[in-house]
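Quick notes on the structure that follows.
Numbering (the numbering used here), first residue to last: 815 to 934.
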């Protein structure tokens, strides 16, 4: 039977992918959460259950940047989280797209993280 809602289908995809993707202290997980308006990105060490770095479009400099569209803000979030992860000693991560398609804002976060110096 088909899944009735897009959000339920996304949640099932995410659960299926999370069986195989987990972050370690050597290579943590870069988790992307997408809402209709904002992007939230975390670098997570799943063995300890700790968040090592975090960035989102809710931060003051991005929230007030009316000259940027949502995709440009997502790319900036990727650059910010890469900068903060490198400050925490992280060089490479496993990319967790959260059940979303690797397209648009999710791809922009990954591109920004790569430009910021993280190896995905």
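Backbone N, C-alpha and C fix where the C-beta goes; we use that ideal spot for every residue, glycine too.
These numbers come from a predicted model, not from an experiment.
Of the listed residues the options, nearest to residue i (C-alpha basis)
i           : options            : result
residue 827 : 896, 914, 926      : 914
residue 784 : 916, 876, 818, 863 : Here the chain comprises residues numbered 815 to 934, so residue 784 is not present and cannot be evaluated.
residue 866 : 885, 831, 837      : 837
Collapsed DSSP secondary structure at residue i in the structure displayed
i           : result
residue 860 : coil
residue 894 : helix
residue 821 : helix
residue 910 : strand
residue 921 : helix
residue 933 : strand
Residue i versus residue j: straight-line alpha-carbon distance, rounded
i           : j           : result
residue 880 : residue 926 : 19 Å
Identified DSSP bridge partners for residue i
i           : result
residue 847 : 854
residue 865 : 858
residue 797 : As shown, the chain starts at 815 and ends at 934. That puts residue 797 outside it, with no answer to give.
Where the alpha helix (DSSP H) containing residue i begins and where it ends
i           : result
residue 903 : Residue 903 -> no alpha helix (DSSP H), and no H or E assigned at all.
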